[in-house]
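A.B. asks:
2 protein chains.
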Amino acid sequence: MDRIFRALADATRRDIVRRTLATEASVSDLAGAYDMSFAAVQKHVAVLEGAGLVTKRPHGRERIVRGNPDAIRRAQRLLDAYEQIWRDRIGRLDALLNEPPQK
Amino acid sequence: MDRIFRALADATRRDIVRRTLATEASVSDLAGAYDMSFAAVQKHVAVLEGAGLVTKRPHGRERIVRGNPDAIRRAQRLLDAYEQIWRDRIGRLDALLNEPPQK
DNA sequence: GTAACGTACAACCACATGGTTGTAAATACG
DNA sequence: CGTATTTACAACCATGTGGTTGTACGTTAC
Chain A
143 MDRIFRALAD
153 ATRRDIVRRT
163 LATEASVSDL
173 AGAYDMSFAA
183 VQKHVAVLEG
193 AGLVTKRPHG
203 RERIVRGNPD
213 AIRRAQRLLD
223 AYEQIWRDRI
233 GRLDALLNEP
243 PQK
Chain B
143 MDRIFRALAD
153 ATRRDIVRRT
163 LATEASVSDL
173 AGAYDMSFAA
183 VQKHVAVLEG
193 AGLVTKRPHG
203 RERIVRGNPD
213 AIRRAQRLLD
223 AYEQIWRDRI
233 GRLDALLNEP
243 PQK
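Note that the protein sequences, when read in sequence, are chains A and B.
In this text, residue positions in the first sequence follow the numbering used here: the first is 143, and each later residue adds one.
In this text, residue positions in the second sequence follow the numbering used here: the first is 143, and each later residue adds one.
1) If I measure Cβ to Cβ from residue 213 of chain A and keep anything under 8 Å in the same chain, skipping five residues before and after, which residues do I get?
2) Indicate the three-state DSSP secondary structure (helix, strand or coil) for residue 203 of chain B in the structure shown.
3) Rounded to whole angstroms, what is the Cα-Cα separation between residue 161 of chain B and residue 226 of chain A?
4) Assign residue 202 of chain B to one of two classes, buried (16 or more other C-beta atoms within 10 Å of its C-beta) or exposed (fewer than that).
5) Verify the CB distance criterion: does residue 218 of chain A have a CB-CB separation below 7 Å to chain B?
6) Applying the 10 Å Cβ sphere with the 16-neighbour rule, what's the burial state of residue 211 of chain B?
7) Which class does residue 170 of chain B belong to by DSSP, given the choice of helix, strand or coil?
8) Strictly below 8 Å CB to CB, what residues from chain A border residue 211 of chain B?
9) CB residue 206 of chain A to CB residue 215 of chain A, shorter than 7 Å?
10) By the DSSP assignment, the alpha helix (DSSP H) with residue 154 of chain A in it spans what residues?
11) The alpha helix (DSSP H) spanning residue 176 of chain A covers which residue range?
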């Protein structure tokens, strides 16, 4: 989970995720889209792959990158759990206000 | 957005968010809960505050920390958008398979 | 077969991060 | 009042991160 959020904490990497969720792209396709070296983009892709946010599939001499919605959903579930914890707190406060203590 | 994900990319900070969404706690309350120095926990809280994931409210000599669900929801919206992008891709593929090209 | 392309990886650099200790200010307690 | 508590912040250290360049290797194209 650390790695998923860490990977998403960079605008370039979020953009790579966004792109590859919409359309597959080779590493050099991606490298062409950003104003940095090929190696830098390749490292970003490696970080995303390490977090499970993208997968790479060899196709000839290219590596085709595709976004992985499962990793996204894992992060979503954690955030959902946090929001639920907050809702529970609100629920407890409401209960306290509306139903005076018994006994 | 960078800061929100960056802040969530640490297990201690996620736990602080979880705790303070459920129940307010002073910085020293939090510090007592983890096996590290007070200053380390205080820095984690500062990172979370910088990301808007928690807010601090002074109460006497203590600072009461509470989780902020709005920041959580901002991250959720971004992840939701990503999942929608993926669904759109699947939708396009389905359309391509089920309706042969016109003209 | 040779040349060009796409990728991987190592080495390096500046800077951020997560931890430590120490010190100082503000507030509460006796 | 003086003392203890809570917080803030600076300085420091080891390690990680985001970028660079250079090199090597497999694959495609001619």
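Ideal placement from N, C-alpha and C gives every residue a C-beta, glycine not left out.
C.D. replies: In short:
1) Hits under 8 Å: 146, 193, 194 and 195.
2) Residue 203 of chain B: coil per DSSP, three-state reduction.
3) Cα-Cα distance, rounded: 12 Å.
4) Residue 202 of chain B comes out exposed.
5) Output row for residue 218 of chain A: interface = yes.
6) Answer is buried; the Cβ neighbour count reaches 16.
7) Three-state result, residue 170 of chain B: helix.
8) Simply 224, 225 and 228.
9) No, the pair does not count as a contact, with Cβ atoms beyond the cut-off.
10) For residue 154 of chain A, the enclosing alpha helix (DSSP H) has its first and last residue at 153–164.
11) First-last for residue 176 of chain A: undefined, no H or E at that position.
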